[in-house]
Every structure is written in C-alpha cells, then in structure tokens.
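Residue numbers (the working numbering), protein chains in the order written: chain V, 10 to 306; chain F, 10 to 306.
Think of the CB as a built atom: it goes at the ideal place given N, C-alpha and C, for glycine as much as any other residue.
Down below is the structure, laid out as structure tokens.
Protein chains: 2
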Amino acid sequence: MELRYLRYFVTLAEELNFSRAAARLHISQPPLTRQIQQLEDELGCRLFFRSTRGVELTEAGQSLLEDAHRILSLVGVAKERTSKTGRGQIGQLDVGIFGSAILCHIPRMLFQFRTLFPEVEITLYQQTKAEQIQALRERRLTIGFNRHVPVEPDIVIETVFFEPLVIALHSKHPLARHKSIRIAEIVNEPLILYPRTRPGFADDVMALFVKECAQPKIVQEVTDVVTSIALVSSGFGICVAPQAASNLKLPGVVYRPIKADPVPAIELACLYRREDESPILAAFLDVARKFRPSYGD
Amino acid sequence: MELRYLRYFVTLAEELNFSRAAARLHISQPPLTRQIQQLEDELGCRLFFRSTRGVELTEAGQSLLEDAHRILSLVGVAKERTSKTGRGQIGQLDVGIFGSAILCHIPRMLFQFRTLFPEVEITLYQQTKAEQIQALRERRLTIGFNRHVPVEPDIVIETVFFEPLVIALHSKHPLARHKSIRIAEIVNEPLILYPRTRPGFADDVMALFVKECAQPKIVQEVTDVVTSIALVSSGFGICVAPQAASNLKLPGVVYRPIKADPVPAIELACLYRREDESPILAAFLDVARKFRPSYGD
DNA sequence: ATCAATGATACCTAAAAAGTATGGATTGAT
DNA sequence: ATCAATCCATACTTTTTAGGTATCATTGAT
Numbered sequence: 010m011e012l013r014y015l016r017y018f019v020t021l022a023e024e025l026n027f028s029r030a031a032a033r034l035h036i037s038q039p040p041l042t043r044q045i046q047q048l049e050d051e052l053g054c055r056l057f058f059r060s061t062r063g064v065e066l067t068e069a070g071q072s073l074l075e076d077a078h079r080i081l082s083l084v085g086v087a088k089e090r091t092s093k094t095g096r097g098q099i100g101q102l103d104v105g106i107f108g109s110a111i112l113c114h115i116p117r118m119l120f121q122f123r124t125l126f127p128e129v130e131i132t133l134y135q136q137t138k139a140e141q142i143q144a145l146r147e148r149r150l151t152i153g154f155n156r157h158v159p160v161e162p163d164i165v166i167e168t169v170f171f172e173p174l175v176i177a178l179h180s181k182h183p184l185a186r187h188k189s190i191r192i193a194e195i196v197n198e199p200l201i202l203y204p205r206t207r208p209g210f211a212d213d214v215m216a217l218f219v220k221e222c223a224q225p226k227i228v229q230e231v232t233d234v235v236t237s238i239a240l241v242s243s244g245f246g247i248c249v250a251p252q253a254a255s256n257l258k259l260p261g262v263v264y265r266p267i268k269a270d271p272v273p274a275i276e277l278a279c280l281y282r283r284e285d286e287s288p289i290l291a292a293f294l295d296v297a298r299k300f301r302p303s304y305g306d
Numbered sequence: 010m011e012l013r014y015l016r017y018f019v020t021l022a023e024e025l026n027f028s029r030a031a032a033r034l035h036i037s038q039p040p041l042t043r044q045i046q047q048l049e050d051e052l053g054c055r056l057f058f059r060s061t062r063g064v065e066l067t068e069a070g071q072s073l074l075e076d077a078h079r080i081l082s083l084v085g086v087a088k089e090r091t092s093k094t095g096r097g098q099i100g101q102l103d104v105g106i107f108g109s110a111i112l113c114h115i116p117r118m119l120f121q122f123r124t125l126f127p128e129v130e131i132t133l134y135q136q137t138k139a140e141q142i143q144a145l146r147e148r149r150l151t152i153g154f155n156r157h158v159p160v161e162p163d164i165v166i167e168t169v170f171f172e173p174l175v176i177a178l179h180s181k182h183p184l185a186r187h188k189s190i191r192i193a194e195i196v197n198e199p200l201i202l203y204p205r206t207r208p209g210f211a212d213d214v215m216a217l218f219v220k221e222c223a224q225p226k227i228v229q230e231v232t233d234v235v236t237s238i239a240l241v242s243s244g245f246g247i248c249v250a251p252q253a254a255s256n257l258k259l260p261g262v263v264y265r266p267i268k269a270d271p272v273p274a275i276e277l278a279c280l281y282r283r284e285d286e287s288p289i290l291a292a293f294l295d296v297a298r299k300f301r302p303s304y305g306d
C-alpha cells in the first residue's frame with residue numbers, strides 16, 4: 010500500500026470519472042485505471058462499480074474513502090508538525106532562572122521568543138547554579154541563566170550581556186541628591202550584601218571595594234535581591250545591585266548609577282549542553298544573542 | 010510523501026543503524042540511506058543525527074515517529090476494514106419482516122448469519138409488503154421477507170423455502186384426537202382467517218377449501234397470526250396457519266398437520282433490489298439459500 | 001597504528017509508473 | 001437505425017524511481 014493509491018482513489022471517488030480524475034492528477038487516464046486496479050487487487054475487493062457513464066463507489070469503496078481522508082490529512086499534519094519541530098517552532102523550552110534576572114531581562118526575552126515561536130511551550134524553573142547544571146545534564150532544562158558559572162566541559166557558558174551595577178539607597182540619604190555616586194563615596198556606608206552563596210554576585214561587590222582599597226561595612230547578609238532592597242527601604246543601609254533591580258520599586262528606595270569609567274557591570278550568562286542540537290535551543294539562542302537590555306526610568 | 014518512506018523511517022528509528030534496518034527491510038543499506046535523505050529533503054529537516062556509531066533521532070524525528078506509527082497503523086486498519094466490507098463482513102443489514110416468519114425462521118436465519126458475520130449490524134423492521142418494496146427502493150432495507158409478493162421489475166423475489174400448513178384447533182375439539190386432519194374434515198368448522206390484507210395468506214387458505222368444492226365458514230377475520238391463535242385458544246374456531254405458528258403455545262391450542270399429498274404449503278420469499286451488489290446482501294442470501302426450516306415438537 | 005564498523009557516494013540494474021495508441025461497449029441524438 | 005461521443009480497458013513503449021554492487025571516508029576500539 011502506498012499513499013499514491015489513496016490519493017488517486019480519493020480523487021477518483023470525488024470525480025467519479027477516470028478521465029476527469031486523471032486530468033486533476035496530471036496523469037493520463039490509463040495509468041489511473043491501472044493504479045486503481047492494483048489497489049483493488051491489493052485489497053481483494055472492488056472499490057468502484059464501472060459503467061459506460063462513469064463509476065460509482067462500492068460499499069468497500071465508501072469505507073475506504075473515509076479512512077483515506079483521515080490518513081491523508083494525518084499525513085499532512087505529520088509533515089507540517091515534523092517540519093515545524095525541525096525549525097524549532099514546536100516543542101518544549103525549559104528555562105532555568107535565578108534571582109534578579111527574572112525582574113526584567115528573562116521575561117522580556119521570553120516574550121520576544123513567544124512572539125516568534127508561539128507554539129513552543131515555555132516552562133520556567135527557579136534554580137540555583139548547581140541545580141541548573143544538573144538539570145541541563147539530565148535534559149530537564151534546555152537553557153539556564155546565571156552568573157559566575159563554573160566552567161564545565163559539557164556545558165557552554167555564553168555571555169548574554171553585561172549589566173551595569175547601581176547603588177540602591179534611601180531617598181533621605183544625603184547621597185540620594187547626587188545623580189551618580191562613586192564607590193569611594195560609599196566605602197563607609199552600612200552595606201547590605203547578597204547572595205549568601207559563594208562564589209556569586211557578592212564577590213563582585215566586594216571586589217569593587219577592594220579596588221578602592223576599602224573594607225565594606227557589611228551590616229546584613231541576605232539571600233536575595235528583594236530582601237536586600239526591602240532592607241534599604243527600611244533604612245538598614247545601602248546596597249549594590251544589578252540595574253535590573255531598579256525595576257523593584259519599594260517605598261523610599263532610589264537607585265543611582267555608579268560614577269566610574271568603565272561603569273562596573275556584571276555578566277549575565279546562559280548555559281546549555283554543548284551537544285544540544287535542539288532547534289528550539291538554537292532558535293532561543295538567536296533571540297537571546299540579539300537581546301539588548303533596556304530598563305525602566 | 011509515500012508510505013514507504015514512513016516504513017523505512019520507522020524501522021531505522023527502531024534499529025538506529027542503517028545496515029541492520031536495511032536488513033530487516035530486505036533491502037541493502039545504500040537505498041535506505043537515500044530514501045531517508047529524500048524524506049529529510051522533503052520535510053526540510055534532519056530526522057537523525059548520524060555518527061560512525063549509528064544514528065539517533067532528532068526532535069523532529071521523534072515527532073515524526075509518533076505520527077508515522079499512527080499513520081501506519083491507521084493504514085492497516087483501513088485495509089482490513091475495506092477488505093472486510095468488500096467481503097460483507099462489516100456493515101449494516103436492514104431486514105424487513107412480517108407476521109409469522111418472525112416466530113421462528115427469521116430469527117434462526119439471523120442467528121446463523123450473525124455467527125458467520127459478527128461485525129455486521131442487523132436491524133429488523135416490521136413492515137407490510139408495500140412498505141418493504143418502498144423501503145428496498147429507497148435503500149432503507151437490504152432485504153425483505155414476505156409472501157405473495159407482486160412482481161416488480163427492479164425487485165428480485167426469491168423463494169427461500171416452502172412451509173407446510175397446519176391446522177390449529179382446540180384440544181377439546183373431536184378432531185384433536187386425530188394425528189393429522191384432511192381439509193375435507195374441516196370444511197364445515199368455524200374458521201378464523203387472517204390477514205385482512207389481500208392478496209395474502211388468507212387467499213391460500215381459501216384456495217384449499219375451493220379445491221374441496223367447499224365454502225369456508227369464516228367466523229372471524231383478524232390481522233395477524235397471534236390474534237388468530239388466541240381466538241382458537243378461546244374456542245372461537247379453528248385456523249389454518251403456517252407451521253411456524255406451531256411455536257406459539259397458547260392454552261388449549263394444538264396443531265395438527267394436514268393430511269394430503271402433497272401437503273399444502275406456502276412460499277416464504279425474500280425480496281431485494283435487482284441491482285444491489287452489496288456483499289452483505291450476497292452473504293446473507295448465501296445463508297438464506299442454505300437455510301432449511303426446522304420446527305419444535 | 002591498525003582494523004572493524006558505520007554511513008555516504010558513484011554507478012549500474014531492475015521495477016514500476018506514466019505516456020501513446022487503440023479497442024469495445026453503451027448511450028444519445030439525428 | 002445509424003453514427004458520434006463518451007467512458008473504461010488493454011497493449012505496448014518510455015520515463016522515472018527504487019534497489020543493488022562496489023567502494024570510500026570517518027571514527028572508535030584494540
């Protein structure tokens with residue numbers, strides 16, 4: 010059995026006339042006659058009653074017609090689905106995320122991706138670095154986002170962009186009147202530091218102070234940005250955060266850029282399996298690589 | 010797209026090795042390689058990752074594999090269903106029946122047919138002669154059973170068998186002591202006659218009396234056998250009925266064969282459309298033609 | 001370094017589909 | 001009644017496509 014038989018059969022069943030059906034199939038009439046005969050031989054029953062006025066479906070033919078329509082449409086769907094899957098337009102994208110990136114970059118990236126590939130189902134997982142790497146290896150994750158990722162042979166770490174750091178402080182703080190602030194100006198300020206896990210973002214902040222030959226006065230260590238900014242809002246002290254955090258509006262908290270050249274920035278990297286040839290990953294990376302962060306006021 | 014591609018694809022997806030898959034398909038390896046390449050070209054995406062250790066399905070391949078299984082199994086089902094329909098093993102059999110034949114012949118015939126063709130759905134319709142012919146023409150009926158059917162050009166009337174007539178009388182009747190009864194012995198008995206519709210079975214009964222140069226004493230005309238036998242049970246009179254009626258046991262009613270040579274009998278005929286080439290009709294006629302009536306004690 | 005296994009390619013053969021010409025049967029119009 | 005038109009079937013040829021053989025390139029294991 011071949012689909013050609015079914016296609017010819019369906020056309021003949023529609024035209025009920027060999028010559029017209031053959032014309033529609035862009036073949037001549039004799040081959041069509043023969044193909045239908047062969048189909049009938051294969052099935053062991055007549056599919057059409059022939060007369061000099063045309064043909065008519067037998068009961069077996071009517072039965073086959075229903076099935077043939079089903080089969081041919083399923084073949085069409087399968088072709089389309091396979092092609093789309095091959096182009097990464099259908100499937101599953103599992104994204105591992107972490108703290109501050111979720112505040113603006115990742116959602117924007119995903120939104121852009123979803124617009125281009127609406128049939129890809131996206132699932133987000135809040136995970137730590139280690140969990141992400143583990144999940145990538147076990148193929149539970151397509152891609153992860155993080156910072157300070159240790160080098161692993163089977164994992165590609167690709168910088169998506171560098172994000173400037175800002176200083177979060179209370180609006181009543183004298184420095185809040187400045188448009189931008191130098192690190193040297195805050196070396197003696199009470200500092201809120203995060204995250205607790207090392208190595209991590211906290212090390213970058215510490216490095217800023219070391220560069221100024223200063224020792225930061227850490228008043229509190231917390232696990233995540235949100236808590237950190239909440240403490241700023243309560244007047245605990247100031248905090249150095251990625252610019253994305255400035256989307257987090259809490260009462261009394263203002264964000265000021267750091268005055269330096271170059272402006273201190275931290276890397277946002279994405280991680281994926283080196284041998285992953287998934288078209289969805291490729292498609293997403295395409296979007297991610299073209300992504301340029303933008304921030305609210 | 011042809012099914013060959015899908016068959017080759019599925020086999021390769023199972024073996025994940027061109028040479029082994031080709032062996033299983035009884036072809037050599039290069040044609041398989043080419044067919045898979047062509048399939049990939051047609052779909053516009055890779056279906057397998059190749060390496061020197063074998064092949065592996067891509068995501069598109071995995072997607073296609075599911076669809077291919079569905080399609081191939083549907084093709085198998087369709088072939089089977091078409092063949093069965095062609096042989097009359099699947100479908101619908103609409104049977105028109107009438108009065109006394111339903112008492113034993115038709116159910117036995119249908120039972121036999123159902124055993125041979127369990128997938129044919131049978132529907133019964135109680136219909137008059139005229140309704141049966143009408144229904145046959147409109148294809149609402151596959152076959153009808155009746156007696157005294159008028160000849161119609163487009164309807165075949167085929168005698169299934171001849172059924173002997175019996176005399177139904179009350180057990181207290183003096184003739185009940187006889188093992189069999191001659192018509193001459195009942196010419197003066199009060200007679201219950203059915204059906205009312207003419208021409209019909211009643212005419213056959215009348216003919217029996219005419220043959221004896223007698224005029225029957227009709228005490229009651231009724232529409233159907235059951236009523237007729239009920240009247241016999243109540244002592245209204247006697248009744249001539251087809252032997253099938255003797256399956257109808259009512260209090261005080263006994264049935265006696267008619268003593269004559271040949272024993273008077275009436276035809277049971279079946280009716281069907283002359284141009285009906287339905288394999289189910291053919292299959293049922295096969296059963297009906299081989300059918301020989303048998304009666305209870 | 002060598003060998004075995006695997007998929008790819010080049011080239012040829014065989015099978016199958018399509019095309020051309022034509023026949024036979026039936027129907028409808030003249 | 002005849003003839004033309006229509007329709008499906010058949011015989012034969014050409015074209016296309018699948019399949020076969022031989023061989024290569026790559027790679028991973030010994």
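Spell out whether any CB of chain F is found under 9 angstroms from the CB atom of residue i.
i, result
"Glu128/V", "no"
"Asp306/V", "Its pLDDT being 47, under 50, Asp306/V is placed unreliably in this model, and the coordinates cannot settle the point."
"Val84/V", "yes"
"Ser243/V", "no"
"Glu237/V", "Looking at the sequence itself, residue 237/V is Ser, so the reference to Glu does not match. For Ser237/V, the answer is no, since every Cβ of chain F falls outside 9 angstroms of its Cβ."
"Glu51/V", "yes"
"Gln252/V", "no"
State the Cα-Cα distance for the pair residue i and residue j, rounded to the nearest angstrom.
i, j, result
"Pro127/F", "Gln135/V", "59 angstroms"
"Ser287/V", "Thr151/V", "9 angstroms"
"Pro183/V", "Ala211/V", "25 angstroms"
"Leu66/V", "Arg149/F", "18 angstroms"
"Leu145/F", "Arg282/F", "6 angstroms"
"Gln38/F", "Leu102/F", "50 angstroms"
"Ile267/V", "Val214/V", "12 angstroms"
"Lys299/F", "Ser243/F", "38 angstroms"
"Ile45/F", "His35/F", "15 angstroms"
"Asp306/F", "Pro208/F", "The pLDDT assigned to Asp306/F is 47, lower than 50, so where the model puts this residue is not dependable, and the model offers no usable value."
"Ile99/F", "Ile106/F", "22 angstroms"
"Leu81/F", "Val160/F", "50 angstroms"
"Glu68/F", "Gly70/V", "37 angstroms"
For residue i, would you say it is in contact with chain V, using Cβ-to-Cβ distances shorter than 9 angstroms as the test?
i, result
"Lys96/F", "The question names Lys, yet the displayed sequence has Arg at residue 96/F. Closer than 9 angstroms to some Cβ of chain V, the Cβ of Arg96/F qualifies, so yes."
"Arg282/F", "no"
"Lys226/F", "no"
"Ile36/F", "no"
"Arg43/F", "no"
"Ala292/F", "no"
"Arg90/F", "yes"
"Gln46/F", "no"
"Arg149/F", "no"
Taking 9 angstroms as the threshold (C-beta atoms), are residue j and residue i in contact?
i, j, result
"Gly95/F", "Leu48/V", "no"
"Arg191/F", "Ala291/F", "no"
"Thr137/F", "Thr206/F", "yes"
"Ile142/F", "Val104/F", "no"
"Leu280/F", "Val129/F", "no"
"Val263/V", "Ala185/V", "yes"
"Arg265/F", "Ser189/F", "yes"
"Ala31/F", "Pro40/F", "yes"
"Lys181/F", "Gly261/F", "yes"
Out of the options, point me to the one whose CA is closest to residue i's CA.
i, options, result
"Ile111/V", "Ile192/V, Leu74/V and Phe154/V", "Phe154/V"
"Ala239/F", "Lys258/F, Lys226/F, Ala144/F and Gln71/F", "Lys258/F"
"Gln224/F", "Val86/F, Glu198/F, Ser180/F and Ala254/F", "Glu198/F"
"Val196/F", "Ala254/F, Glu147/F, Phe218/F and Gly100/F", "Phe218/F"
"Phe293/V", "Ser82/V, Leu81/V, Pro302/V and Phe120/V", "Phe120/V"
"Val64/V", "Gln141/V, Gly108/V and Ser28/V", "Ser28/V"
"Ala253/F", "Val160/F, Ser189/F, Pro116/F and Gln44/F", "Pro116/F"
"Thr61/F", "Phe107/F, Leu25/F, Ser189/F and Asp295/F", "Leu25/F"
"Val296/V", "Thr124/V, Leu41/V, Val160/V and Lys93/V", "Thr124/V"
"Arg43/V", "Ser72/V, Pro271/V, Ala69/V and Arg13/V", "Arg13/V"
Check whether the Cβ of residue i lies closer than 8 angstroms to any heavy atom of the ligand SAM, and answer yes or no.
i, result
"Leu12/V", "With respect to the ligand SAM, the structure shown offers nothing to examine, as it has no ligands at all."
**Request:** Spell out a yes or no on whether the stretch 235-247 of chain V and the stretch 173-185 of chain V are touching, meaning 3 or more CB-CB pairs, one atom from each, closer than 8 angstroms.
**Result:** Note that the stretch 235-247 of chain V touches the stretch 173-185 of chain V; at least 3 beta-carbon pairs, one per stretch, sit closer than 8 angstroms.
Contact between the stretch 266-283 of chain V and the stretch 160-175 of chain V is defined here as three or more beta-carbon pairs at a separation below 8 angstroms; is this criterion met? Short answer: they touch.
Does the stretch 227-236 of chain F come close enough to the stretch 86-103 of chain F that 3 or more CB-CB pairs lie under 8 angstroms?
Per the Cβ contact rule, the stretch 86-103 of chain F is not in contact with the stretch 227-236 of chain F (fewer than 3 Cβ pairs under 8 angstroms).
* Between the stretch 12-19 of chain V and the stretch 69-82 of chain V, are three or more C-beta pairs nearer than 8 angstroms? -> Note that the stretch 12-19 of chain V touches the stretch 69-82 of chain V; at least 3 beta-carbon pairs, one per stretch, sit closer than 8 angstroms.
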